[in-house]
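Chemist: Sending over a structure as structure tokens; questions will come in a sec.
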Amino acid sequence: MINIVDKKCCCGCGACAEVCPTQAISMSVDCEGFRYPVTDVSTCISCGKCERQCPFITPQAAEAHRPEGLLLADNDDCQRATASSGGAFALLASNVIDAGGIVFGAAFDSNWGVHHIGVESIADLSRLKGSKYVESNLGDSYAKVAEAVAAGRRVMFVGTPCQVAGLRRAIGKPHPYLLLVDVACHGIPSSKVWGHSLKEFCDKESISPNDITAINFRDKVKGWKNYHFTVTHRSGNYSTREFPYILGFAHDLYLRPSCHACRIKEVGSYADITLADAWGIEHTTSNARFLDDKGVSFVMVHTDAGRDAMAGVKTATVESIDTEEMLQYNRSIVTSAPHTAERERFFALLAQGGSVAHCVAKAHRVSLKQRLERLLTPLLLRLGIKGFTKKWRRK
Ligand SMILES: Cc1cc2nc3c(=O)[nH]c(=O)nc-3n(C[C@H](O)[C@H](O)[C@H](O)COP(=O)(O)OP(=O)(O)OC[C@H]3O[C@@H](n4cnc5c(N)ncnc54)[C@H](O)[C@@H]3O)c2cc1C
Ligand code: SF4
Ligand code: SF4
Ligand code: SF4
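My numbering applies: residue 17 is where the sequence shown begins, and numbers increase by one.
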């Protein structure tokens, strides 16, 4: 039976609730704003299935492999502009929809919370496009995916590596109609902190949240690398590089506890394909198309199903790249964010009623060591001194 004592040991994927034969498990939001399973002991029959299928309690042994690395930029600059990276997601997804399939991914709801939905038309794909830096509520999407593939439909599911792992464990074996895609994941921030932050943003700008028409965490208006947080409102656009929520996210102040000890990063991706930003590209390619600061995807292909899906992408500039080399510039794909005292300080201040902006400013004090590390890391990477290797494994 699942009983979460150490919150670092649960990623909130919901696989346990999905596989429970008596529906004894429900997901509930804790005081920090993260979802956890709660077991109703009166209906639990102690079968142990929840623990056996949990990707954190029982991580699966895997076969070592080296993923194929690709750089990708959508040839359509309008599509690329609205993607977080180079637009790999929409290119893969549109092929699935053109073949009559369904694509599951993260979308905003009417209150600007984030949840997973399934879309079946190219027009609706825009709802899934773009990174939303908030924990997405999966709802019943695992069950809907299982239903769709059982009915013989092609399905693409996109989520964080732990959401993809949870789906794989809930479904069992790889399914020929199911394409699993995970996004590289620094960690997932709290939906509660996001809710407070958006309200503070609206108050500061004197705008009503009811009149927001779009939110973009990664607006490329000033370039891919210099991305901005932009709120589109009936009264105009509000864009900033200094949104406290993003600063706090970047400094790991309110990531889910499991993101500080990510078991999926330890054993490797369960997906067919991993999508990431091609950070560090200026050191790894001379292709001008990739150096225009409009966004480039770093795609890691893990399986034959992933290779087939990538072969179907026709309208993009694609180049092979050494995976290990790219990983040197994107360490959060394979390493967990450090758990610091600043995180505890942040939540203590928030509990006292402080604004997110205030709590971020107070909680985050940059030490001299951190400053030196930030200054020296790019130089050490360039000199090849600060490298690391990672064994990739296949389930
Ligand atoms: C929380 C988070 C942390 C990330 N950390 C890194 C990182 O450290 N390094 C890195 O290289 N890349 C990271 N990424 C991935 C990167 O931001 C892009 O999402 C990825 O490169 C795909 O971009 P794209 O241009 O192909 O497509 P886009 O159009 O940007 O597609 C975005 C896809 O991400 C999915 N998605 C968006 N928000 C969420 C969410 N909250 N939960 C689950 N799925 C979501 C959507 O369903 C969609 O399928 C992160 C993404 C998220 C959501
Ligand atoms: S990691 Fe997923 S399967 Fe395991 S206990 Fe948490 S929600 Fe359940
Ligand atoms: S032990 Fe079995 S019945 Fe009990 S919660 Fe887990 S899966 Fe459900
Ligand atoms: S860092 Fe790991 S545990 Fe956290 S959201 Fe990403 S995949 Fe899940």
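Virtual Cβ for every residue (Gly too), placed ideally from N, Cα, C.
Once DSSP output is grouped into helix, strand and coil, what is the label at SER222?
Modeler: coil
Chemist: State buried or exposed for GLY49, treating a residue as buried only when at least 16 other CB atoms are found within 10 Å of its CB.
Modeler: buried
Chemist: Helix, strand or coil: which one does DSSP assign to PRO83?
Modeler: coil
Chemist: Of all the options VAL315, THR351, ASP293 and ALA321, which has the alpha carbon lying nearest to the alpha carbon of GLY85?
Modeler: VAL315
Chemist: Which of the three DSSP states, helix, strand or coil, is assigned to CYS25?
Modeler: helix
Chemist: For the region 223-236 and the region 144-153, state whether three or more C-beta atom pairs, one from each stretch, are separated by less than 8 angstroms.
Modeler: yes
Chemist: What residue range does the beta strand (DSSP E) around ASN253 cover?
Modeler: 252-256
Chemist: With DSSP collapsed to three states, give me the class of GLU216.
Modeler: helix
Chemist: What is the DSSP secondary structure of GLY322, counted as helix, strand or coil?
Modeler: helix
Chemist: Going by the beta-carbon positions, is the gap between TRP128 and LEU214 smaller than 8 angstroms?
Modeler: yes
Chemist: Give the straight-line distance between the Cα atoms of LYS145 and TYR286, rounded to the nearest whole angstrom.
Modeler: Going from the Cα of LYS145 to the Cα of TYR286 covers about 22 angstroms.
Chemist: Judging by CA-CA distance, which residue of GLU216, CYS36 and ILE187 is the nearest neighbour of GLY370?
Modeler: Residue GLU216 is the option with its Cα nearest to GLY370.
Chemist: Pick helix, strand or coil for MET12, following the three-state DSSP scheme.
Modeler: Past the edges of the chain, shown from 17 to 411, lies residue 12, and the structure says nothing about it.
Chemist: By DSSP, does PHE72 sit in helix, in strand, or in coil?
Modeler: coil
Chemist: Under 8 angstroms between the Cβ atoms of CYS66 and CYS36?
Modeler: yes
Chemist: Using only the heavy atoms of ligand 2, determine whether one of them is closer than 7 angstroms to the beta carbon of PRO273.
Modeler: No - ligand 2 has no heavy atom lying nearer than 7 angstroms to the Cβ of PRO273.
Chemist: Which complete alpha helix (DSSP H) runs does the region 85-115 hold, if anything under 4 residues is left out?
Modeler: You should have 93-97 and 104-114.
Chemist: Would you say the beta carbon of PHE72 is closer than 7 angstroms to some non-hydrogen atom of ligand 2?
Modeler: Answer for PHE72: yes, Cβ within range of ligand 2.
Chemist: Apart from the five residues on each side of it in sequence, which residues of its chain come closer than 7 angstroms, Cβ to Cβ, to GLN179?
Modeler: CYS29 and LEU154
Chemist: Hey, would you say SER42 sits closer than 8 angstroms to ALA33, going by beta carbons?
Modeler: yes
Chemist: Using 10 angstroms around the beta-carbon of PHE404, count the other beta-carbons present and answer buried if the total reaches 16, otherwise exposed.
Modeler: Any reading at PHE404 needs caution, since the residue's pLDDT is 42, under 50, leaving its predicted position unreliable; the model's value is listed next. With fewer than 16 other Cβ atoms within 10 Å, it is exposed.
Chemist: Tell me the start and end of each unbroken beta strand (DSSP E) in the region 148-206 that is at least 3 residues and wholly inside, in chain order.
Modeler: 171-175 and 194-199
Chemist: Please report the Cβ distance between VAL312 and ILE297, rounded to the nearest whole angstrom; I am assuming they are in contact, meaning their Cβ atoms lie under 8 angstroms.
Modeler: 6 angstroms
Chemist: Once you ignore the five residues that flank ARG323 on each side, which residues in its own chain have a CB closer than 6 angstroms to its CB?
Modeler: Closer than 6 angstroms at Cβ, skipping near neighbours: VAL317.
Chemist: Go through the region 224-296 residue by residue and report every complete run of the beta strand (DSSP E) that reaches 3 residues or more, in order.
Modeler: 228-235, 244-249, 252-256 and 289-293
Chemist: Measuring only the C-alpha atoms, how far is ILE133 from GLU163?
Modeler: The alpha-carbon separation between ILE133 and GLU163 amounts to approximately 14 angstroms.
Chemist: In or out: PRO205 buried (at least 16 other Cβ within 10 Å) or exposed?
Modeler: buried
Chemist: At which residues does the alpha helix (DSSP H) containing PHE124 begin and terminate?
Modeler: Element bounds for PHE124: not the alpha helix (DSSP H) but the beta strand (DSSP E), 118-124.
Chemist: DSSP state of SER352, grouped into three classes?
Modeler: coil
Chemist: Taking DSSP as the reference, what is the three-state secondary structure of GLY211?
Modeler: It is helical.
Chemist: Thinking PRO75 and ILE18 are a contact (beta carbons under 8 angstroms), I'd like their distance in whole angstroms, please.
Modeler: Cβ-Cβ separation between PRO75 and ILE18: approximately 15 angstroms, too far for a contact (criterion under 8 angstroms).
Chemist: Mind checking if LYS160 is an interface residue toward chain B, Cβ cutoff 8 angstroms exclusive?
Modeler: You won't find chain B in this structure, because it holds only one protein chain.
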